[in-house]
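Which chain is which? The protein sequence lines are A and B, in order. Numbering-wise (the working numbering), the first sequence opens with residue 6 and increments by one. Numbering-wise (the working numbering), the second sequence opens with residue 974 and increments by one. Cβ coordinates follow ideal geometry from the N, Cα and C atoms, glycine included.
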Amino acid sequence: MEYVGIVLISHSPDVVKGIKEIIRQVIKDVPVEVAGGTDDGEIGTSIDKISAAIDTAYTDKGVLLFYDLGSAKMNAELAIEISEKENIFLIEAPLLEGAYVATVESSIGKSITEIQKSIIKHFPTK
Amino acid sequence: MHFTVKQAKEWLLQINDHMQEHKQELTRLDQAIGDGDHGINMARGFKEVVKKVNEKEYKTVGDIMQDAAMTIISKVGGAAGPLYGTAFLRMSLAFKDKVSIDYKTFTRGLDDALQGMKQRGKATTGEKTILDVWEPVVLFLEEGESFQPQALADTAKHAMEKTKNMIATKGRAAYFKEKSKGHIDPGAMSSYYIFLAMAEVLEEV
C-alpha cells in the first residue's frame, strides 16, 4: 500500500530523531523523514535538508510537513515552493502530537485531505 | 540604459564586498536586538553566491538571479535566508529568459520581491524589518521613469535610518519590545547595503 509521507522539521537534529523513534515504535510502514538542524548540525533549519526529506518521503498520495518554530516555517514554505510538486502541505499542529496522529492515520490508508481534516479537529488553531 | 547579466553579476559581487566589509557592524546590530548572527550569515551566504556565479557564464538575467537565490536559500540561514532567498527567487521569475531588463521590468521585479517577502514573513511595513527599506525603495522606483542611482541610495539610507526609532513587532527583535527602539534593524541595514551596491553598479553605466 502507498501512504501519505511525513516530514518532521526541527531546529534540533535530536528533537526530530527522538520523535521519529517514538513514531517508529508503533508505525513501521509509513515514510517518515527528518530535517533537523542546519547543514552543519547546529541549531537552526536547512532548506536543503527539508527538500531532501520531502523528496524521500514523497509518494503519489503526497507529503505532510510538521515544524517547530518560526524560521522553520519560512524554510518549509520555501521548500514547498521550490519542489514544484503537488500535494505537499505544511501543517499547523504541535510537532510531536501532530506528526504522531498523522502517521497513524496515514498507516490506515487515509488520504492527505482526510488526514488534514483530522489534524484540524484534533488541534484547532486559535 | 538596461540592466543586463553583466550588471546583475556586478551587483552580486558588490553586495558581497559590502557584506564582508560590514560583517561586524551587522553582527553588532543583531546582538543588540536579535540572535547576533546576521553579519556572519550574510557574509557567508554572499561569499558562496559570488563563488557560484563566478563559476558560470550566464545568458539571461533570470538564470544568474536564480543561482543567486538558490545559494542564498541554502547558505544564508536564519530568517534572512528564506526572506532574501524569496526576494531573489521572485526577481529571477520576473527576469526569466531576459537578456536585458528595462526600467519598468526592473521595477516590477523588485516589487515582486517585496510582495514575496511580505507573504513569506507574514509582515508589513512599520514593524522594523527588511520591508521598511524595500517598500520605500520600490515606491521610489515606481514614481520614477529612469534609473537615478544617487537618489536610490539616498532613499534606501533614509529608510534604513528610520528603523532606528521603530518598535519591533516581528521576528526575534519583537521580544525586546520597547528596548528595540534606538537600534537600527540589522535586516534593514543589510538591505541598505544591497541597494547601495545596486546604486554603485548603476552609477558606473
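B:ALA1052 CB to nearest chain A CB: under 8 Å? The count along the second sequence starts at 1 and reaches residue 1052 of chain B at position 79. Closer than 8 Å to some Cβ of chain A, the Cβ of B:ALA1052 qualifies, so yes.
Can you tell me whether DSSP reads A:ILE96 as helix, strand or coil? Counting from 1 along the first sequence, the entry for residue 96 of chain A is found at position 91. Of the three classes helix, strand and coil, the one that applies to A:ILE96 here is strand, per DSSP.
I need the boundaries of the alpha helix (DSSP H) containing B:GLY1082, first residue and last residue. Here the question's residue 1082 of chain B lines up with position 109 in the second sequence. Counting along the chain, the alpha helix (DSSP H) containing B:GLY1082 begins and ends at 1076 to 1094.
Rounded to the nearest angstrom, what separates B:ARG1001 and B:LYS1101 at their Cα positions? Within the second sequence, residue 1001 of chain B is the residue found at index 28, counting from 1. Within the second sequence, residue 1101 of chain B is the residue found at index 128, counting from 1. Distance from the CA of B:ARG1001 to the CA of B:LYS1101, rounded to the nearest whole angstrom, comes to 16 Å.
Return no unless some Cβ of chain B is closer than 8 Å to the Cβ of A:GLY42. Stepping through the first sequence from its first residue, residue 42 of chain A is reached at position 37. Chain B places no beta carbon closer than 8 Å to that of A:GLY42, leaving this residue out of the contacts.
What are the residues of the region 44 to 73 of chain A that lie near chain B, defined by any Cβ-Cβ distance shorter than 8 Å? Those would be ASP44, GLY49, SER51, ILE52 and ASP53, in chain order.
DSSP state of B:THR1128, grouped into three classes? Mapped onto the second sequence, residue 1128 of chain B falls at position 155. Secondary structure of B:THR1128 (DSSP, three-state): helix.
If we define contact as Cβ-Cβ less than 8 Å, is A:LEU95 a contact residue for chain B? Here residue 95 of chain A refers to the residue found at position 90 when the first sequence is read from its first residue. It does not; no Cβ of chain B falls within 8 Å.
Would you tell me roughly how many angstroms separate the C-alpha atoms of B:ALA1161 and B:THR1033, rounded to the nearest one? Within the second sequence, residue 1161 of chain B is the residue found at index 188, counting from 1. Within the second sequence, residue 1033 of chain B is the residue found at index 60, counting from 1. Within the model, the alpha-carbon separation for B:ALA1161 versus B:THR1033 is close to 29 Å.
For the region 1076 to 1097 of chain B, which residues have a CB atom closer than 8 Å to at least one CB atom of chain A, in sequence order? Within the region 1076 to 1097 of chain B, the qualifying residues are ARG1093 and GLY1094.
Shorter than 8 Å from the beta carbon of A:SER17 to some beta carbon of chain B? Counting from 1 along the first sequence, the entry for residue 17 of chain A is found at position 12. For A:SER17, the closest Cβ of chain B is not nearer than 8 Å.
Near A:THR61, what residues of its chain come up, given a Cβ to Cβ distance below 6 Å and the 5 sequence neighbours on each side ignored? Indexing the first sequence from 1 puts residue 61 of chain A at position 56. Hits under 6 Å: GLU38.
Checking the sheet assignment: what are the DSSP bridge partners for A:GLU4? Given a span of 6 to 131 for chain A in the structure shown, any question on residue 4 of chain A remains unanswerable.
Along the chain, which unbroken stretches of the alpha helix (DSSP H) at least 4 residues long are found entirely within the region 1022 to 1065 of chain B? Counting only runs of 4 or more, we get 1034 to 1048.
Can you tell me which of B:LYS1077, B:ILE1013, B:TYR1031 and B:ILE1074 puts its alpha carbon nearest to the alpha carbon of B:GLY1054? Within the second sequence, numbered from 1, the residue matching residue 1054 of chain B stands at position 81. If we check each option's Cα against that of B:GLY1054, B:ILE1013 comes out closest.
Quick one, which residues of the region 78 to 95 of chain A are near chain C if we go by CB-CB under 7 Å, in chain order? Although the question refers to chain C, the structure presented lacks it and instead comprises the protein chains A and B.
Excluding the 5 residues preceding and the 5 following A:ILE55 in the sequence, name in chain order all residues of the same chain whose CB lies nearer than 8 Å to its CB. Here the question's residue 55 of chain A lines up with position 50 in the first sequence. Around A:ILE55: VAL12, ILE14, ALA40, LEU70, ASN80, ALA81 and ALA84.
With a Cβ-Cβ cutoff of 8 Å, do B:HIS1011 and B:ASP1003 count as a contact? Taking the second sequence and counting its residues from 1, one reaches residue 1011 of chain B at position 38. Taking the second sequence and counting its residues from 1, one reaches residue 1003 of chain B at position 30. Result yes, Cβ atoms of B:HIS1011 and B:ASP1003 sit closer than 8 Å.
Local conformation of B:TYR1166 per DSSP, three classes: Taking the second sequence and counting its residues from 1, one reaches residue 1166 of chain B at position 193. Helix, per DSSP.
Nearest neighbour of A:PRO36, chosen from A:GLU26, A:GLY42, A:ASP44 and A:THR43 [CA to CA]: Here residue 36 of chain A is taken as the residue at index 31 of the first sequence, counted from 1. Taking A:PRO36 as reference, the option from A:GLU26, A:GLY42, A:ASP44 and A:THR43 with the minimal CA-CA separation is A:GLU26.
Ends of the beta strand (DSSP E) at B:LEU1104? In the second sequence, counting from the first residue as 1, residue 1104 of chain B sits at position 131. Here B:LEU1104 belongs to no beta strand (DSSP E); instead the alpha helix (DSSP H) covers 1104 to 1116.
For a quick check, are the C-beta atoms of B:THR1059 and B:ASP1105 less than 8 Å apart? Within the second sequence, residue 1059 of chain B is the residue found at index 86, counting from 1. Within the second sequence, residue 1105 of chain B is the residue found at index 132, counting from 1. In this structure, B:ASP1105 does not lie closer than 8 Å to B:THR1059 by Cβ.
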